[in-house]
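Have a look at the structure below before the remarks.
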Amino acid sequence: MGLTVAEKILQAHLVEGELKKGEEIALRIDQTLTQDATGTMAYLEFEAIGIPRVKTELSVSYVDHNLVQSDFRNADDHRFLQSVARKFGLWFSPPGNGICHQVHLERFGIPGKTLLGSDSHTPTGGGLGMLAMGAGGLDVAMAMAGKPFYLIMPKIFGIRLTGRLQPWVAARDVLLEVLRQLTVKGGVGYIMEYFGPGVAELSVTDRATITNFGAELGATTSVFPSDENTRQFLVAQGREDQWQELKADEDAVYDRVIEIDMSTLEPMIACPSSPDNVVKVSEVAGKPVAQVLIGSCTNSSLRDLTAVARILEGRETSRDVSFEVNPGSRQALENLTAQGNLLPLLQAGARVHQSGCLGCIGMGQAPPTSAISLRTFSRNFPGRSGTQNDQVYLCSPEVAVASAITGVITDPRDLGDYPEVTLPEKYLPGDERIEAPWPENAEVEIIRGPNIAPFPDFTDLPETWKGRVMLKVGDNITTDHIMPAGAKILPLRSNIPAISEYVFHAVDPDFATNMKQAAEQGVAGMIVGGDNYGQGSSREHAALAPRYLGVQVKLVKSFARIHKANLINFGIVPLCFANSEDYDLVEQGAEVVIPGIREALASGQDSLTVEVNGKPVAATIDLSPRHREILVAGGLLNWARGA
Ligand code: F3S
3 MGLTVAEKIL
13 QAHLVEGELK
23 KGEEIALRID
33 QTLTQDATGT
43 MAYLEFEAIG
53 IPRVKTELSV
63 SYVDHNLVQS
73 DFRNADDHRF
83 LQSVARKFGL
93 WFSPPGNGIC
103 HQVHLERFGI
113 PGKTLLGSDS
123 HTPTGGGLGM
133 LAMGAGGLDV
143 AMAMAGKPFY
153 LIMPKIFGIR
163 LTGRLQPWVA
173 ARDVLLEVLR
183 QLTVKGGVGY
193 IMEYFGPGVA
203 ELSVTDRATI
213 TNFGAELGAT
223 TSVFPSDENT
233 RQFLVAQGRE
243 DQWQELKADE
253 DAVYDRVIEI
263 DMSTLEPMIA
273 CPSSPDNVVK
283 VSEVAGKPVA
293 QVLIGSCTNS
303 SLRDLTAVAR
313 ILEGRETSRD
323 VSFEVNPGSR
333 QALENLTAQG
343 NLLPLLQAGA
353 RVHQSGCLGC
363 IGMGQAPPTS
373 AISLRTFSRN
383 FPGRSGTQND
393 QVYLCSPEVA
403 VASAITGVIT
413 DPRDLGDYPE
423 VTLPEKYLPG
433 DERIEAPWPE
443 NAEVEIIRGP
453 NIAPFPDFTD
463 LPETWKGRVM
473 LKVGDNITTD
483 HIMPAGAKIL
493 PLRSNIPAIS
503 EYVFHAVDPD
513 FATNMKQAAE
523 QGVAGMIVGG
533 DNYGQGSSRE
543 HAALAPRYLG
553 VQVKLVKSFA
563 RIHKANLINF
573 GIVPLCFANS
583 EDYDLVEQGA
593 EVVIPGIREA
603 LASGQDSLTV
613 EVNGKPVAAT
623 IDLSPRHREI
633 LVAGGLLNWA
643 RGA
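In this text, residue positions in the sequence shown follow this note's numbering: the first is 3, and each later residue adds one.
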């Protein structure tokens, strides 16, 4: 039987297990990336492992999230990350150089390689034919230490592309259509692999938009073949020698297949407040818009910015709209400038910000109250923008700019002919500020600001666990609900005692205080949740900070993949209701006993009884043998030190 592209890369990197769907496998990781919001903790963890230098082929530390420097903390973290990179042999991409995924695609991505990144949009690299996966910072720290990355062998979901995008319809619309059909849970347990004649119609940056946004399907990752378009992209980047062809065998078998005829797609838009709340733009056209933001790792490549500039040529944006642009990378900004395409943006009224994440993670550019913000971003979870009752819509750059011109949500086809968009054959690299790894014998002192606290110690799992349901939440709880981001909180990410004050803040402002009071009485915490618990980002603080407060068990209907992995890494036992109706039986405040939890995990049991106010509730345990060992040890770091 032939292999898919994903299976070929998995096979080439397999160090443990077999490619059997649903079983745990271990992969060799070639490259890693971190961004600052997760990176500071990942490097504290790497230090705690005690390895003198990274063992990957290439590891990069990016600063792209905490660009706002309103006090010493972000600036201190930037210096910490730079000194750590020098000490441990990493590349360092400084603030303003761009968003990790965009820069990595341009400067480091190689078809056929594995990439592990402490950011959920790491699958962007799949546009270049990489197997690029998001994971928690601790997983990335382990990969940097030369350890394999463990995952459950996913199924392969084939998306067959045919036809060709019509003018004003963009790569973004392909994934909006996939999200409309499959929802934010549709990719769980799958690698999404694109194939078929339509693939050749998409450039690498179009493909990267699709694989990036594919993270919202809950998929393990998404991947495209590596073909002539991939080679052209690497030629433009001056890296042609790193190209290799990669395609699925003729007789490759996909576990599920859908077909998208790109010629039939129309401009689409995701309405508040979920990326799968997708309708045709024509259905919401005419609603007044207060802000248009073009940027983020999904849609801010040179292609996107050039298209926006060409559309704006000779036009102005509405004075009722704050029109803002975050270039994805310094390379994109430099080439845009060199090609004469920055001026049309400025003349049309754009507020051009530095290259980086900024508004995407609630770091600046919060929209006005209850007003519509159109964004070329990937997420519109409530409040992520920094405004509590935000109205964020997600769309292509074409829809965004058309709406910025008219001041209302606009089908861009109303603007007439699509302009010509030409890109340079060779890009200016634009990365003069990237720092290569320092030599192994260089004298480097790690610079630690006062905001950086050491990694906390955690105890192992007791034989019988006793605690209290400290919070009960519903379905689709995101990592933003658990551990919010934003300008106030991000600077605290390397200070667990400080950041833990914000756990579940928007859901229950007293949660941290209640946890601390319970801890003083020697009471541990349990969280009860619904389906798809922990969807969203790879933010490991959403596991680490609750664990610091004393949460050691979560009982839910189902977990999102990366969050479940993070819970295990920090020693929080993820249990699921054997019967989802039992969710109704467990109330907040209930006293809980789980007799023999340690033994149940250690002996490989797949179920146990949770006693809630003395009444039995059946729970299932879906964990690999290695996960069980980690949980018994109290977390991955304890396990790695003892292993
Ligand atoms: Fe940054 Fe937003 Fe992407 S925070 S990594 S641009 S999802």
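We put the CB at the ideal spot given by N, CA and C, even for glycine.
Just so we're clear, the structure is a prediction, and the values are computed from it rather than from any experiment.
Quick one: is the Cβ of residue i within less than 8 Å of any heavy atom of ligand 1?
i: C273; result: no
i: T308; result: no
i: I363; result: yes
i: G538; result: no
i: G297; result: yes
i: Q397; result: First, the residue type needs correcting, since residue 397 is Cys and not Gln in the sequence shown. The answer is no for C397.
i: Q37; result: yes
i: I449; result: no
i: T211; result: no
i: R381; result: yes
i: H80; result: no
i: T300; result: yes
i: H106; result: no
i: D263; result: no
i: I491; result: no
i: I564; result: no
i: H67; result: yes
i: H507; result: no
i: D477; result: no
i: H355; result: no
Can you tell me which of the three DSSP states residue i falls into?
i: S560; result: coil
i: I27; result: strand
i: G119; result: strand
i: P290; result: strand
i: D263; result: strand
i: I504; result: Rather than Ile, the amino acid found at residue 504 in this sequence is Tyr. Helix, per DSSP.
i: I454; result: coil
i: G361; result: helix
i: W440; result: coil
i: S582; result: helix
i: P199; result: helix
i: I161; result: strand
i: S331; result: strand
i: I479; result: coil
i: K57; result: coil
i: E613; result: strand
i: M528; result: strand
Would you mind sorting residue i into buried or exposed? The rule is 16 or more other CB atoms within 10 Å of its CB.
i: L345; result: exposed
i: K556; result: buried
i: M3; result: exposed
i: I314; result: The displayed chain sequence assigns Leu, not Ile, to residue 314. Buried.
i: D208; result: buried
i: N76; result: buried
i: G288; result: exposed
i: P329; result: buried
i: L625; result: buried
i: A340; result: exposed
i: A438; result: exposed
i: L347; result: buried
i: V327; result: buried
Smallest Cα separation from residue i: which of the options?
i: V619; options: L625, V558, L603; result: V558
i: G573; options: A545, V588, D586; result: A545
i: V604; options: P597, E593, P627; result: Here the sequence assigns Ala to residue 604, which means Val is not the residue at that position. A604 has its Cα closest to that of P627, out of P597, E593, P627.
i: N343; options: L304, R381, L360; result: L304
i: D416; options: G127, A404, G409, E422; result: A404
i: L654; options: I436, Q71, A520, R353; result: Shown here, the chain extends from 3 to 645; a query on residue 654 therefore has no answer.
i: L295; options: D243, G361, T58, T36; result: G361
i: Q554; options: A592, V471, R541; result: V471
i: T412; options: P441, E18, V286; result: V286
i: H564; options: Q537, Y550, D584; result: The sequence shown places Ile at residue 564, rather than the His named in the question. Checked all of Q537, Y550, D584; the closest Cα to I564 is Q537.
i: P203; options: V176, S224, T222; result: As written in the sequence, residue 203 is Glu, which differs from the Pro given in the question. With distances taken between Cα atoms, E203 lies closest to V176.
i: E542; options: M485, H80, E108; result: M485
i: G24; options: P54, K157, A44; result: K157
i: S302; options: V255, Y395, P399; result: P399
i: D141; options: L5, R233, L153, L307; result: L153
i: G488; options: L69, V86, Q607; result: L69
Is residue i close to chain D, meaning its C-beta is less than 9 Å from at least one C-beta of that chain?
i: T378; result: Reference to chain D is not applicable here, since this structure consists of a single protein chain.
Whole runs of the beta strand (DSSP E) within the segment 75–150, excluding any shorter than 3 residues: Within the segment 75–150, the complete beta strand (DSSP E) segments of 3 residues or longer fall at 93–95, 116–119, 133–136, listed in chain order.
Ranges of the alpha helix (DSSP H) found wholly within the segment 227–255, counting only runs of at least 4: Taken in chain order, the unbroken stretches of alpha helix (DSSP H) that lie wholly in the segment 227–255 and span 4 residues or more are 230–238.
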